[in-house]
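All the letters of the sequence shown, read from the start, carry residue numbers 2 to 584 under this note's numbering. The beta carbon of each residue, even a glycine, is placed where N, CA and C say it ideally should be. Quick notes on the structure that follows.
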Amino acid sequence: MLILGLNTFHADTAAVLVDGDTGKLIAAIAEERLNRVKHFAGFPDMAIRECLRIAGATPADVTHVAVARDSKANLVSKLGFSLRNIVNITKMAKQRLENRAALAHLPELVQQAFARAGGTNESVHYHHIEHHLAHLASAFLVSDFQEAALCSIDGFGDFASTMTGMGKGTKIEILDRTLFPHSLGVLYTSACQFIAYNKYGDEGKIMGLAPYGKENFRHFFDQIISLEPEGRFKLNLQAFIHHTEGVDYHFDERGYPHVAPMFNAKFWTERLGPVRDPKEPLSQRDMDIARSLQACLERAYMHILNHLYNQTKTPNLCLAGGVALNSVANGLALEQTPFKHIYVQPAAGDDGTAVGAAYYVYHNVLNKPRNFRMIHAYTGSSFNDAEIKSALDARGLTSENLDDATLYDRTAECIAEGLVVGWFQGQMEWGPRALGNRSIVAHPGHPKMKDILNARIKHREWFRPFAPSILTERLNDYFESTHPSPFMLMVYNTKPEKREELQAVNHVDNTGRVQTVSREENPRYYDLIKAFERRTGTPVVLNTSFNENEPVVNTPAEAIDCFLRTKMDILVLGNHFCRRPNV
Ligand SMILES: [Fe+2]
């Protein structure tokens, strides 16, 4: 008996398989890693088939399909709002019909994926779980906590932008919802669009830009959002157009998602000056907007969380939703709220709702007890030695097949020398971050490493920081926190005496987006960092995702192609160690 969880017709479409007898998460994969379209927003056809392949299962084994979407959720509010407010009702109605049509075809699409996997299953049961309930479930039901406060914040899903709740055992009690058109996600995305960061997922870049600015536009942001009693907030709708024009969210022929501008250009330009021309370099004004935006988000986030604490009085907090990818705000929650323990599931964005929907069905439809904790994110495809060797041979790359101890030591030596290493091991990560299985690894204290990586491999914006992976037990020696961050979703202050030692991963505001690594979570990555520590005294490596302006590599062939295309020095695939010919 298997439960197939789906996030579909949303960005970051994904499939997961949960064992309906044991509750074990068998596989979880975002479609973008397989079809190579970043943030793919169509149907996760390939991910369904890959999950079945990993499970060694056939479509006949799937008994339940859990979809993280419920078009009936909040329907009364939705219809009421439409009648009262929508100016461009034709456009909104068209979008809604398109959504419903896509969902109506879901069983057909699932059957097509099953057929391509070599089987059929007409007797499968479908369950639709409200988007934010799936977000809450995605964090709580796989966390360590038997009791926790729950919070999900994003742009929109099923007409809501925020949901808070209380989790106890297998049950989730919803405490509050914020409905369309009020949304912190819309506010954040709008400001990103105003400074011409309008690609899907650009919000994380602006979080990295913020420390270069000053909070000179606090007054503006105070004008467009108000914090209300009971942990609520309201947008000043004069500053936005999504409530009159509809959220023009669509995906193109490749399945890449686009969101049309949501800000009222007249309102913003009168107060902030012209919309940034993307051809022009970022100005101090743009950086000040980024800083003011981030500060505004943090105030609203803490306002919601502090109220949630007052309602629940538990030290445990689970966070989900696109806004929970804001690792700076997450880190702040440990300082500015009474919560002591925070769990953010690695796929905090919409991909993660596939996990939430599946576990919601497992616990609340099948009424099974809690028995699974997601302590690592390695739930995707993996490749055996023969497959790796065959990919190397196909591209004429020679490698040495080293034993584990030699591999860690040799790789650590290369990192210590300032070489850039492509590190490919085991199962692909779940969620947006590379966490040591599909990572590029480098020296965290090399003064030029950030420039080297940007010039030679990543070609990213100059202001975006690289992240540190640190041995969990050494966290507090380097950062002002003792709270683990296994999924790189917390930002902590770097201790003053360690800033130089970590200069390639220390952001301009002396912080790091930390990944803590324990041996239990990832023994091979842990042993590599340990080998680097033995050699240099530093229990930290720089970790960035193994890719070049594309989804993170999944297969050995993609890793080799990226290695050959860029100027990485070393490639490690499993136990195969390859040097670039002239290094
Ligand atoms: Fe969401």
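Please state whether the Cβ-Cβ distance between A42 and A31 is less than 8 Å.
no
Buried versus exposed call for G170 [16 or more other C-beta atoms within 10 Å across all chains shown]
exposed
Span separating the alpha-carbon of E231 from that of L176
11 Å
Check this for me: beta carbons of F264 and F241, under 8 Å apart or not?
yes
Decide yes or no for the touch test of the region 281 to 288 against the region 200 to 217: beta carbon pairs closer than 8 Å, at least 3 of them.
yes
Coarse secondary structure for S139, derived from DSSP in three states
helix
Between Y344 and S470, what straight-line distance do the alpha-carbon atoms span, to the nearest angstrom?
18 Å
Would you give the residue range spanned by the alpha helix (DSSP H) that K451 belongs to?
M450 to L454
Kindly confirm or deny that the region 446 to 466 and the region 418 to 429 touch, where touching means at least three C-beta pairs closer than 8 Å.
yes
Is the separation between the beta-carbon of L309 and that of P433 shorter than 8 Å?
no
Quick check on the contact list: which residues have their beta carbon closer than 6 Å to a heavy atom of ligand 1?
H132, H136, D155, G158, G322, G323 and D351
Determine the burial state of N75: buried for a count of at least 16 other Cβ atoms within 10 Å of its Cβ, exposed for fewer.
buried
Does the structure place the region 295 to 302 close enough to the region 269 to 277 that three or more beta carbon pairs sit under 8 Å?
no
Opening and closing residue of the beta strand (DSSP E) in which I175 lies
K172 to L180
Mind checking A456: buried by the 16 CB within 10 Å criterion, or exposed?
exposed
When the distance is taken between beta carbons, is S184 closer than 8 Å to A321?
no
Distance, P316 Cα to L335 Cα:
10 Å
Taking Cβ positions only, does S184 come closer than 8 Å to chain C?
As a matter of chain content, chain C is missing from the structure shown, which is built from one protein chain.
Residues bridged to H65 by DSSP?
I4 and H126
According to the neighbour-count rule (16 or more other Cβ atoms, all chains shown, within 10 Å of its Cβ), is D585 buried or exposed?
Residue 585 lies beyond the residue range present for the chain, which begins at 2 and ends at 584; the question has no answer from this structure.
Less than 8 Å between the C-beta atoms of F533 and A413, yes or no?
yes
Only counting the same chain, and skipping five residues up and downstream in sequence, which positions put a Cβ closer than 7 Å to that of A149?
F141, G168, T315, N317, L318 and C319
Hey, is the region 387 to 404 in contact with the region 493 to 509, meaning 3+ C-beta pairs nearer than 8 Å?
no
Tell me the DSSP secondary structure of G166 in three-state form.
strand
Alpha carbon to alpha carbon, how far is L476 from G120?
48 Å
Does the beta-carbon distance from G446 to Q516 come in below 8 Å?
no
Based on Cα-Cα distance, which residue from N385, G357, K496 and S383 lies nearest to R374?
G357
Mind checking which residues open and close the beta strand (DSSP E) that includes V491?
Checking the displayed sequence, the identity of residue 491 turns out to be Met instead of Val. Counting along the chain, the beta strand (DSSP E) containing M491 begins and ends at M491 to N494.
What residue ranges within the region 195 to 231 form continuous beta strand (DSSP E) runs of no fewer than 3 residues, ordered along the chain?
226 to 229
Beta bridge counterpart(s) of H251 as assigned by DSSP:
H259
Do P487 and W431 have their C-beta atoms closer together than 8 Å?
no
Among G156, A197 and L454, which has the Cα closest to the Cα of K280?
A197
Which residues bound the alpha helix (DSSP H) around D410?
D405 to A417
To the nearest angstrom, report how far apart T495 and D22 are at their CA atoms.
44 Å
Count the CB pairs spanning the region 121 to 137 and the region 63 to 72 that are closer than 8 Å, and state whether there are at least three.
yes
Spatial neighbours of R514 within its chain, please: CB distance less than 7 Å, with the 5 preceding and 5 following residues excluded, ordered by chain position.
S328, P466, A468, M489 and V492
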